[in-house]
Amino acid sequence: MEQLKKIFFLGVLILLIVPAQMARAEGPSAIDRRVSAIPAATLLSRPPAQLVDQNRQAAAQQLTRLTRPAWFVSVFLEIAILLYLWRSGWAARVRDRLRLMMPWAFPVRFVFGAFLVGAVTAATLLPSFYDYRVLRIMGLSTESFGNWIRDVMIATALEALVVGVCVAVVLWLVDRTHWWWAWVVAGIFGVTFFLSYLYPIVVEPLFNHFAPLPRTGDLSIRIRALARRAGEGELPIYVSDLSRRTKAGNAYVVGIGPSKRIVIGDTLLSSATPDEIVFVVAHELGHDVHRDTFKGSIFASVMFIFAAALAVLMADRLGFRRDDDPLSRIALVAALLAVLYVVLLPVTNGYSRIVESAADAYGLHLTADKVAGARTFVRFADEDLALLCPGRLARIWWYSHPPLGTRISVMNGQANPCP
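Counting from 1, position 319 in the sequence shown corresponds to residue 354 in the numbering used here; the numbering is continuous, with no gaps.
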């Protein structure tokens, strides 16, 4: 046992002190040059496995072996801390202490919900840090430790705010009407669209800086024309400093109404060809044209209500502590929700893969550029250390996007290597 402890602490020490750059296989510029140099005829005539860098695929396998156990540990710790808080009576003691400090139910419930978020964050901090270090060592993350800590604190504060308000409002509704669940469903829709409006204005600037893409450049002109063809009108285009955290290229359409905008990561601008950038933006416009935010809100609401109802039924069959009440049992219900989240991952990810496939098809329809589409997905595989064809079980359980091998084959008409 002592030997195991020594090995564990040695591993943690290595993660803390080994320079993050030393294990990088190759610089991103070399990856970019290789992918950009692939002839169009090759992209359209070779199977996906012959287009990607096999050394990067081996590194992708290693990355999966390193990070997948941390996912299991993180989920286990989240469930375990919530169950412990309820089972040990700590949840009830925290509730009682809060009631002594605050005479009104609403702030007590709010702080209790925020407390649960803080407890989960603390319990899962080590595997989160492990993931951060692995991504640094593998050359995928550029984020400094100080910036990572800052992001954790901001994300925890935002989550605590949202969860605290949800706990307080839901229990307030339960106290006042038998139709509380209907109000909750309506509230989920309303809050989703309200947050969709506020997100690019209030939340995103907490994590990244944004600057307008100059309107006079060729790329800006092409993207604006693309948005008009998609029926989106004149959308503002911003560049985000994603390079502060990652080397992965990305772009997205965010916001609704006056807050809607196209955002392109500086990583994508620096690594991809203009045709690839246009294709990625076309894919993202597809999400907006298909109203995926609205449909996703409906889907997420249905899944959440189903999971919450099932969690409450399961909690009722686990018995009650003498000091239980609806507030203290939130810890138990949250633990069961976490379990159901894992169980329902195949459903939610399956829905997401369908949505992403449709966006790929729209991007190809809008650009009519199979070469750019194939090159984009080859670059994603090489740059992001993404497996071309993950195992079937891994795909079902963890992948929100179709395998890159499948996406490349759709573009170049070759046989799908990921049946």
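For every residue, glycine included, the Cβ atom is placed at its ideal position computed from N, Cα and C. Computed from a predicted structure; not experimentally measured.
Q) How do the stretch 129–142 and the stretch 79–87 stand: do at least 3 beta-carbon pairs fall below 8 Å, yes or no? A) Contact between the stretch 129–142 and the stretch 79–87 is absent, because fewer than three Cβ pairs lie under 8 Å.
Q. Measuring CA to CA, which of Leu118, Asp417 and Leu170 is closest to Asp88?
A. Just measuring C-alpha positions, the residue of Leu118, Asp417 and Leu170 sitting nearest Asp88 is Asp417.
**Q.** Per DSSP, the bridge partner or partners of Arg296
**A.** DSSP, once it has assigned bridges, lists Val289 as partnering Arg296.
Q.
Taking 8 Å as the cut-off, does the stretch 350–362 touch the stretch 403–421 (at least 3 CB pairs, one atom from each stretch)?
A. Result no; under three Cβ-Cβ pairs closer than 8 Å.
Q) For Val274, which three-state DSSP category applies? A) Val274 falls in the strand class under three-state DSSP.
Q.
Just list the residues that DSSP pairs Ala84 with in beta bridges.
A. Answer by DSSP bridge pairing: none, since Ala84 is not bridged.
Q: Count the other C-beta atoms from every protein chain shown that fall within 10 angstroms of the C-beta of Asp351, then say buried if there are 16 or more, exposed otherwise.
A: Classification of Asp351: exposed, given that the 10 Å Cβ count is below 16.
Q. Based on the DSSP output, what are the partners of Phe245 in its beta bridges?
A. Answer by DSSP bridge pairing, in chain order: Ser275.
Q. Between the C-alpha atoms of Leu420 and Arg211, what's the straight-line distance to the nearest angstrom?
A. The straight-line gap from Cα to Cα measures roughly 52 Å.
Q) With distances taken from CA atoms, which of Val377, Phe242 and Thr251 is nearest Arg279? A) The option with the nearest alpha carbon to Arg279 is Phe242.
Q | Beta carbon of Glu267 nearer than 9 Å to that of Leu320 | A | The answer is yes: Cβ separation under 9 Å.
Q | Pairwise C-alpha distance: Thr302 and His244 | A | Rounded to the nearest angstrom, the two C-alpha atoms are 13 Å apart.
Q. Beta carbon of Thr402, beta carbon of Val288: below 9 Å?
A. Their beta carbons are not under 9 Å apart, which means Thr402 does not touch Val288 by this criterion.
Q: Please check the pair Val110 and Ala373, which I expect to be a contact at CB under 8 Å, by giving their CB distance rounded to whole angstroms.
A: Contact holds; Cβ gap of about 7 Å.
Q) In terms of DSSP beta bridges, what is Ser176 paired with? A) Ser176 has Thr281 as its beta-bridge partners, per DSSP.
Q. What residue does the alpha helix (DSSP H) around Glu391 start on, and which one ends it?
A. Here the alpha helix (DSSP H) through Glu391 covers Leu380 to Thr402.
Q: Determine, using beta carbons only, whether Gly354 comes closer than 9 Å to chain D.
A: Note that chain D does not occur in the displayed structure, where there is just one protein chain.
Q) To the nearest angstrom, how far is it from the Cα of His436 to the Cα of Gly398? A) Separation of His436 and Gly398 (C-alpha to C-alpha, rounded to the nearest whole angstrom) is 15 Å.
Q.
Assess contact between the stretch 142–158 and the stretch 209–226, defined as three or more Cβ pairs (one per stretch) separated by less than 8 Å. Is contact present?
A. Output reads no: the stretch 209–226 does not touch the stretch 142–158.
Q: With a threshold of 16 other CB atoms inside 10 Å of the CB of Gln449, please say whether the residue is buried or exposed.
A: With 16 or more Cβ atoms within 10 Å of its Cβ, Gln449 is classed as buried.
Q: Could you name the residues of the same chain whose beta carbon sits closer than 7 Å to that of Ala265, not counting the 5 residues immediately before and after it, in chain order?
A: The answer, listed in chain order, is Leu320, Val324 and Leu401.
Q) Leaving out the 5 sequence neighbours to the left and right, which residues in its chain are closer than 6 Å to Pro271 when beta-carbon positions are compared? A) Excluding five sequence positions before and after Pro271, the CB atoms of its chain that fall closer than 6 Å to its own CB belong to Arg296, given in chain order.
(Q) Does the contact criterion of 3 or more C-beta pairs under 8 Å hold for the stretch 223–239 versus the stretch 166–184? (A) With a cut-off of 8 Å, the stretch 166–184 and the stretch 223–239 do not count as touching, because too few Cβ pairs lie within range.
Q | Same chain only: Cβ atoms within 6 Å of Glu311, ignoring 5 sequence neighbours per side | A | Within the same chain, Glu311 has close Cβ partners Ala407, Arg410 and Thr411.
Q | Where Leu277 falls, given that 16 or more other Cβ within 10 Å makes a residue buried | A | Burial of Leu277 is indicated by the presence of at least 16 other C-beta atoms within 10 angstroms of its C-beta.
Q.
Taking the straight line between their C-alpha atoms, what separation do you get for Pro249 and Thr281?
A. Rounded to whole angstroms, Pro249 and Thr281 show a C-alpha spacing of 23 Å.
Q. If we ignore side chains and look at the alpha-carbon of each, how far apart do Leu208 and Phe141 end up?
A. Whole-angstrom Cα-Cα distance: 11 Å.
**Q.** Same chain, Cβ closer than 7 Å to Gly124, five either side skipped, listed in chain order
**A.** Beyond the five residues adjoining it in sequence on each side, Gly124 comes within less than 7 Å, by CB distance, of Arg356 and Asp358 in the same chain, given in chain order.
(Q) Using the three-state DSSP reduction, which class does Gly124 fall into: helix, strand or coil? (A) Reduced to three states, the DSSP call for Gly124 is coil.
Q) Can you name, in chain order, every residue of its own chain whose Cβ lies under 8 Å from the Cβ of Val220, other than the five neighbours on each side? A) Excluding residues up to 5 positions away in sequence, Ser336 and Ile340 lie with their Cβ nearer than 8 Å to the Cβ of Val220 in the same chain.
Q) Starting from Pro479 and walking both ways along the alpha helix (DSSP H), at which residues does that stretch end? A) Since the first and last residues shown for the chain are 36 and 454, residue 479 lies out of range.
Q: Go to Leu254, then tell me how far its alpha helix (DSSP H) extends in each direction, as first and last residue.
A: Membership of Leu254 in the alpha helix (DSSP H) is indicated by the continuous run Asp253 to Arg264.
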